[in-house]
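Residues in the sequence shown are numbered consecutively from 0, following numbering that gives the first Met the number 0.
Yeah, the Cβ is synthetic: ideal placement off N, Cα and C, and Gly gets one too.
Only a predicted model underlies this, so the values are computations on that prediction, with no experimental measurement involved.
Reviewing the structure listed below.
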Amino acid sequence: MDTATASRAEAFIDLLRECLGTLPVVPLQVAESPDAVMTEWLKESGVPAAIQIGDECELRDLMEDGAIVRVRREDLFSDEIRVHLEAGKRAMRLALTWEERVSFLLDRCQPWRAKRRLVAPSSREAALLTRRAHSARGKAK
0 MDTATASRAE AFIDLLRECL GTLPVVPLQV AESPDAVMTE WLKESGVPAA
50 IQIGDECELR DLMEDGAIVR VRREDLFSDE IRVHLEAGKR AMRLALTWEE
100 RVSFLLDRCQ PWRAKRRLVA PSSREAALLT RRAHSARGKA K
């Protein structure tokens, strides 16, 4: 859901529950904080196999009124970025690409906010996906 606030998301979910009668959803819970994971990816130059790190991020000092560094079109493994990370700044937003198909900004507060789709399915792929979806629905009945 692409919204800037949790209250708007909850209002939308409440509306869905009202329309559907029930909707058993809960807020996303994570084992590790997204900013800790993203910071580690930048420090260690390592991400899961299907993901590539892009050229945009936001680094923040965790202290109250701490510095914020926003970077675009920059090598995120450069010495300049490494200095910020070693000084204690953490990655709050990070541009990523999944399987060279979808590019997005991972944000610690708004996970999975899409930037752009890189590869659109061909009309043949789209038709095949549609047939598979219809076939799966027929088998589920």
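Nearest to Val24 (by Cα), restricted to the options Ala35, Ala8, Asp106, Ser32: Translated into the one-based positions of the sequence shown, residue 24 becomes position 25. Checked all of Ala35, Ala8, Asp106, Ser32; the closest Cα to Val24 is Ala8.
Spatially closest choice to Leu93 from Gly20, Leu75, Thr21, by CA coordinates
Mapped onto the sequence shown, residue 93 falls at position 94. Considering only alpha carbons, the answer is Leu75.
Are there 16 or more other CB atoms within 10 angstroms of the CB of Leu148, so buried, or fewer, so exposed? The shown model of the chain, from 0 to 140, leaves out residue 148, and the question about it has no answer.
Residue nearest to Gly45 in terms of C-alpha spacing, selected from Val101, Arg107, Arg100, Leu95:
Residue mapping note: residue 45 aligns to position 46 of the sequence shown, counting from 1. It is Leu95 whose Cα lies nearest to the Cα of Gly45.
Cβ separation of Asp60 and Arg71, assumed to be a contact under 8 Å, to the nearest whole Å
To locate residue 60, count along the sequence shown from 1; it is residue 61. To locate residue 71, count along the sequence shown from 1; it is residue 72. About 19 Å; that fails the 8 Å criterion.
- Thinking just about the alpha-carbon of each residue, which of Ala30, Thr4, Ile50, Ile80 is nearest to the one in Cys56? Position 57 of the sequence shown, counting from 1, holds the residue named residue 56. With distances taken between Cα atoms, Cys56 lies closest to Ile80.
Tell me, to the nearest whole angstrom, how far the beta carbon of Ser6 is from that of Arg107; I am working on the premise that it is less than 8 Å. Within the sequence shown, the letter at position 7 stands for residue 6. Within the sequence shown, the letter at position 108 stands for residue 107. In fact, because the Cβ distance is near 18 Å, the residues do not count as touching under 8 Å.
Out of Ala48, Leu41, Leu14, state which residue places its alpha-carbon closest to the alpha-carbon of Glu73. The residue you call residue 73 lines up with position 74 of the sequence shown. Measuring from the Cα of Glu73, the nearest candidate turns out to be Leu41.
Open item on the list: Assuming Arg61 is part of the beta strand (DSSP E), what are its boundary residues?
Closed with: Here residue 61 refers to the residue found at position 62 when the sequence shown is read from its first residue. Note that residue 61 corresponds to Leu in the displayed sequence, not to Arg. Counting along the chain, Leu61 falls outside any beta strand (DSSP E), and DSSP gives it neither H nor E.
field: Val68 versus Cys18 - alpha carbon distance
entry: Walking along the sequence shown from the start, residue 68 turns up at place 69. Walking along the sequence shown from the start, residue 18 turns up at place 19. Looking at the two C-alpha atoms, the distance is approximately 43 Å.
* Minimum length 4: unbroken alpha helix (DSSP H) runs contained in the region 22 to 54 -> 33 to 43
Exposure label - Leu15; buried when at least 16 CB within 10 Å:
Here residue 15 refers to the residue found at position 16 of the sequence shown. Leu15 should be labelled exposed.
Handout entry: Met37 burial status per 10 Å Cβ neighbour count (16 or more: buried)
Key = For the purposes of this step, residue 37 is identified with residue 38 of the sequence shown, where counting begins at 1. Buried is the call here.
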